[in-house]
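**Student:** Top to bottom, those sequences are chains A and B. According to this note's numbering, the residues represented by the first sequence are 9 to 557, in order. According to this note's numbering, the residues represented by the second sequence are 9 to 557, in order. The beta carbon of each residue, even a glycine, is placed where N, CA and C say it ideally should be. Treat the numbers as computed from the prediction; the structure is a model and nothing was measured.
Number of protein chains: 2
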Amino acid sequence: MMARNEPNLQIRVMSRRRNGAISILVMSAIMISSMRVVAASTAAKAVAASTPPLADKPARHKRLNIESISNNLKAMEYAVRGKIAIEADKISEELKHPSPSSSTKYPFDHIIYTNIGNPHAVQQKALTWPRQVMALLQLPDAIGINHPEAHRLFPPDAIERARQMKASLGGHGIGAYTHSKGVREFREDVARFIEERDGARRGSVDVENIFLTAGASEAITMVMTALIKDSSCGIMIPIPQYPLYSATLDLLGGHKVGYYLDEQSIWGMNIEELERSLAEAKSNGVNVVALVLINPGNPTGQVLSSQEVKDIVSFCARHNLVLLSDEVYQENVYRDEDEFFSSRRAADELGLIENDAIQLCSFHSVSKGVFGECGQRGGYVEMVGIPEDVNDCFYKLAASKLCSNAPGQAMVSLMCKGPNRGDVSYESHEREKMAVFEGLKDRASIVSQGLDNIPGFSCQPATGAMYCFPSVHMPPGAMRASNEMGMSPDTLYALDLLQTKGICVVPASGFGQKEGRFGFRTTFLSPEMRTVVDSIRDHYEQFCAKYAD
Amino acid sequence: MMARNEPNLQIRVMSRRRNGAISILVMSAIMISSMRVVAASTAAKAVAASTPPLADKPARHKRLNIESISNNLKAMEYAVRGKIAIEADKISEELKHPSPSSSTKYPFDHIIYTNIGNPHAVQQKALTWPRQVMALLQLPDAIGINHPEAHRLFPPDAIERARQMKASLGGHGIGAYTHSKGVREFREDVARFIEERDGARRGSVDVENIFLTAGASEAITMVMTALIKDSSCGIMIPIPQYPLYSATLDLLGGHKVGYYLDEQSIWGMNIEELERSLAEAKSNGVNVVALVLINPGNPTGQVLSSQEVKDIVSFCARHNLVLLSDEVYQENVYRDEDEFFSSRRAADELGLIENDAIQLCSFHSVSKGVFGECGQRGGYVEMVGIPEDVNDCFYKLAASKLCSNAPGQAMVSLMCKGPNRGDVSYESHEREKMAVFEGLKDRASIVSQGLDNIPGFSCQPATGAMYCFPSVHMPPGAMRASNEMGMSPDTLYALDLLQTKGICVVPASGFGQKEGRFGFRTTFLSPEMRTVVDSIRDHYEQFCAKYAD
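#1: Check whether the region 189-198 of chain B touches the region 420-427 of chain B, taking contact to mean three or more Cβ pairs, one atom from each stretch, closer than 8 Å.
#2: Where does the unbroken beta strand (DSSP E) through A6/A begin, and where does it stop?
#3: Mind checking who E345/A pairs with in its DSSP beta bridge?
#4: DSSP beta-bridge partners for E390/B?
#5: Which chain B residues are close to H437/A, counting only those with a beta carbon under 8 Å from its beta carbon?
#6: With 8 Å set as the bound, which would you pick, yes or no: does the beta-carbon of P415/B sit closer than that to a beta-carbon of chain A?
#7: Across which residues does DSSP place L331/A in a beta bridge pair?
#8: In the DSSP output, which residue or residues are listed as bridge partners for R439/A?
#9: Closer than 8 Å, CB to CB, is M442/B near chain A or not?
#10: C241/A by DSSP, collapsed to three states: which one?
#11: Cα separation between S58/B and L260/A?
#12: Which one of Q507/A, M482/A and R529/A has the shortest CA to CA distance from A553/A?
#13: Among A298/A, S239/A, E347/A and D117/A, whose alpha-carbon lies nearest the alpha-carbon of R326/A?
#14: If you draw a straight line from the C-alpha of Y283/B to the C-alpha of Y268/B, how long is it?
#15: For a test of the three-state rule: what should DSSP assign to V513/B, helix, strand or coil?
#16: Could you tell me which whole alpha helix (DSSP H) segments of length 4 or greater appear in the region 127-210 of chain B?
#17: Please check if any C-beta of chain B sits within less than 8 Å of the C-beta of M537/A.
#18: What are the start and end residues of the beta strand (DSSP E) that includes V265/B?
#19: Closer than 7 Å, Cβ to Cβ, to anything on chain A: give me those residues from the region 358-369 of chain B, in chain order.
#20: Going along the chain, which unbroken runs of the beta strand (DSSP E) with 3 or more residues stay wholly within the region 389-435 of chain B?
#21: Could you tell me whether the region 398-418 of chain A touches the region 204-220 of chain B, where touching means 3 or more Cβ pairs closer than 8 Å?
#22: For M84/A, which residues of its own chain have a beta-carbon under 6 Å away from its beta-carbon, when the five flanking residues on both sides are left out?
#23: State buried or exposed for P155/A, treating a residue as buried only when at least 16 other CB atoms are found within 10 Å of its CB.
#24: Leaving out five residues before and five after A354/A in sequence, what residues of the same chain have Cβ atoms less than 6 Å from its Cβ?
#25: Mind checking if A222/B is an interface residue toward chain A, Cβ cutoff 8 Å exclusive?
#26: Within 10 Å of its beta-carbon, does D542/B have 16 or more other beta-carbons around it, so buried, or fewer, so exposed?
#27: Pull up the distance between the alpha-carbon of E157/B and that of R171/B, whole angstroms please.
#28: In the region 516-550 of chain A, which residue ranges form an unbroken alpha helix (DSSP H) of at least 4 residues, counting only runs that do not cross its ends?
#29: Tell me whether the beta-carbon of V513/A lies closer than 8 Å to the beta-carbon of R525/A.
#30: Is the beta carbon of L533/A less than 8 Å from the beta carbon of M487/A?
#31: What does the alpha-carbon distance come out to for the pair G359/A and Y403/B?
#32: Whose C-beta lies closer than 6 Å to the C-beta of P127/B among residues of the same chain, with five residues either side of it excluded?
#33: Start and end of the alpha helix (DSSP H) containing Q315/A?
#34: Given that H128/A touches chain E, what residues does it touch there, using C-beta distances under 7 Å?
#35: If you run the structure through DSSP and keep just helix, strand and coil, what is S479/A?
#36: Taking 8 Å as the cut-off, does the region 204-218 of chain B touch the region 428-441 of chain B (at least 3 CB pairs, one atom from each stretch)?
Here's what the structure looks like:
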């Protein structure tokens, strides 16, 4: 959540502030480490004296305290909703409920959240047809698909699809637990989707290898839970990367084995760098078990060519690494010359699937693409080359959570299988999808070019995904001031941008970057992005003046 | 998932069977342990030789294999969807798609699933009004709450509530990520619900201490993740218990510190037994950090009196244990003389909250009660006495998963706050809830008395929750046969019941029980339960004859 070298600030910013509570918390943070031994022995005495009165124990004797909880949880960092976002929420609350003292504090009237790929929060509309089907799935038959006036609100192809999906749900509706891997027929929709996308033989994707999950995040966590057997294990992750990977490795106590993307070649990957990273980790005694590929990239937006994907898949096969292929932005490819090429397809064309010579888990989600249905929490993982007994362990883990939410599973099915060509909603559904896509495509170039044109900024073209990841030259005064304040220079920058312009970005240090580079990640989702770019330009001038030396 | 002493069977039953695959898998299971060392060194060589050909590595060299995955995951057991349920699914598939050879194999035409508290899967209907609101939340405004003909399908109080909830969602709808703790206004509904239920002062429940989660399971896992710092930590769990607790402890590598419920006093709890269990664990060097209370009980159905709850809360305060209070069956209390009494209320009345002398996490869910909305995956945890910096760590963990599904959050809000008295849907909503409740209440006594009347069975009254947990006398032949087959006697019993009657129960050994006791858990949800009890009686006679000696 923040850099390890800023403990006081961590406590300060992570705490919910109420009147006067901040200073006390900062004090406790400073005091805790020196008090640890004393507190522990006092606690032991308190337990031994197993009689009341109970009421006067001070808070630090509590069983569940910041010293007693899992170190891995404590160490875990997650930048996207970290320090800057928490500060933004605080300001947002102040703006909504201004007190007499704070009402003129900020020169803006709302926060523009560009920190998170959350399209519906920045005015992207839900697609009509999938939502009509979802609504019908919620309604009991008699007042939904069988209501005599249902046709007044719902088109026939939504009613028909809801009827089919209710049959797939065994007539139980979405109120029943499903199979722990997800509704079988919905997984079949996923399987057909993958086969069509990759030009694979019909039936070549096995539904038993597909798990429907609460977004891709849950699937990624599930697989990593199995992979990290002990603290000697590590997983190769790109630098920069989406911080779920580092956060989950922190939580599981595994090694983060970073490999660098090449900023100058639009954040390209090269095999030499993968070999270097792997060799270095091995020489440090790390048992490297897997590699994370994010294509299209997050936060970097690169779209890999078929050859690049094949090279990476071959690298994994050669070194017997499980490939974790994060493909949640597969629909978000903006240049005519680019095409999404899945890791599965690469493995297939290399003969690695037929020969059972690759282990691959690929992740997808309804949260991105043109659906942008983040709040529905629907996603899937397809596993290739995973032994049945290991698959059974994943099933066991999924079963202990019973199942992922049935509406989210339904949304995955609707993403994978839209209205049929010729159905009444087909044209409008395609038109709506295209409108979202074109909007994203336009803003991708407006924002990346706009940022690249700011003197002191450098921003690669956003060829995919939903983000720009510019580097920003830090004036000398900002370097010094941030050092004195115990935060990274780009955290200082992002905080200043938030406080003066109301724009919430994520410091690049939260994703990882080369030593000496600074910058941030912004989405390009908001229709306000032109104004945002102007504000960022304006702010940077002021920032450079403020921190000139 | 199954007893540790039946490895071969574990592999056999856990594996998805395809033509002829079983025997191969059983063989591999036997071979694996002797091959482990060889395989590891061969794998090391394979990695060192980092050149193609890649295609001919045998499966056991794969990076992700049953030997290389997390031991904790491998060891984890989860009975509710374990061996018997997997076998039931297999038979169910065979019945749906009979082959010429198998068509006359079973003397029943469908499986009756009584293994899992999944009300909608056994004909319980969704409540109308909440589903109407949920449907409107899915529909974009123009074709939902603002559609000129919306009133033809939806009552005005559903439209009005959906309008309010959409405002709470910031106008973004359920397609956007929410705050990671859940939508603030929905958490306020939870807070008011708790205050009213417990007769607490309005405003005494802090929304910052409430997290909305994907069912109670996610909340329980979240809290336990923080509590188990290392393998010295343990949590007290009832015997018998809901296997999520033991499974999660397995996964996190913590100790299961069992305390026995007293079957003869309707599965009551007594403090002496808690003291005994705690003292024994401490003397074994276990750092006991928390106690799990399930009230009303699962699988046992006991409803604790206010004094019993107070005694347990005091015990936790005295020994500085975090109390994990699983209260998902709080609405499922069937005897007139019983009343649900929450742990929070007990702590409050004892002055422990005011004096900050208790740490309590209480869990609730939309899956049980009279909603039974398992598939929607909505739940919450309210935390009491948890330091802010620890709360912030929970927030960080929730943030790394972004948020729980927004429709599930909405369902929690609807459970906590129904239509207002006087609104058009108020009466019908109450009537529907009462009908579900009365049905459950009737079946609770029909099933528990029916089972108790079977010679050789003993079944305590089901005063709460959704389950009966009879003990079953095992004939000598069953003891011997199960031993020979490497499974627990009640697993043999449950398998035989499944194969001859098509009834799927969970062997009691999956929940834990006193040495020498045998039995099973059945829900009493299905309207077919009278027939089920007759079938169980009938089967037991045959079973006793078959395994007489």
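**Tutor:** With the structure as the only source:
#1: yes
#2: Outside the shown range of chain A (9 to 557) lies residue 6/A, about which nothing can therefore be said.
#3: Paired residue(s): none; E345/A is not in a bridge.
#4: I218/B and S370/B
#5: The premise fails here: H437/A is roughly 13 Å from chain B at the closest Cβ pair, so nothing lies under 8 Å.
#6: Judged by the 8 Å Cβ criterion, P415/B is in contact with chain A.
#7: L299/A and L368/A
#8: Its beta-bridge partners do not exist; DSSP assigns none.
#9: no
#10: strand
#11: Legend: pLDDT at S58/B = 38, less than 50; position of this residue unreliable, value from coordinates given subsequently. Their Cα atoms are separated by approximately 28 Å.
#12: M482/A
#13: A298/A
#14: Tyr is not the amino acid found at residue 283/B; the sequence shown has Glu there. If you take the alpha carbons of E283/B and Y268/B, they lie about 11 Å apart.
#15: Coil at V513/B, not helix or strand.
#16: 136-146, 158-161, 164-176 and 192-206
#17: no
#18: In this chain, the beta strand (DSSP E) harbouring V265/B covers H263 to Y268.
#19: G359, L360, N363, D364, A365 and Q367
#20: For the region 389-435 of chain B, not one full-length beta strand (DSSP E) segment reaches 3 residues or more.
#21: no
#22: A255, D258 and L259
#23: The sequence given here places His at residue 155/A; Pro does not occur at that position. So H155/A ends up on the buried side.
#24: Counting only residues of its own chain and dropping the five nearest sequence neighbours on each side, A354/A has a CB closer than 6 Å to the CB of V317, K318 and V321.
#25: yes
#26: exposed
#27: 16 Å
#28: none
#29: no
#30: No, these two residues do not count as a Cβ contact at 8 Å.
#31: 44 Å
#32: G380 and L533
#33: Run containing Q315/A: S314 to R326, per the alpha helix (DSSP H) assignment.
#34: This model lacks chain E altogether; the protein chains it does include are A and B.
#35: Three-state DSSP puts S479/A in a strand.
#36: With a cut-off of 8 Å, the region 204-218 of chain B and the region 428-441 of chain B do not count as touching, because too few Cβ pairs lie within range.
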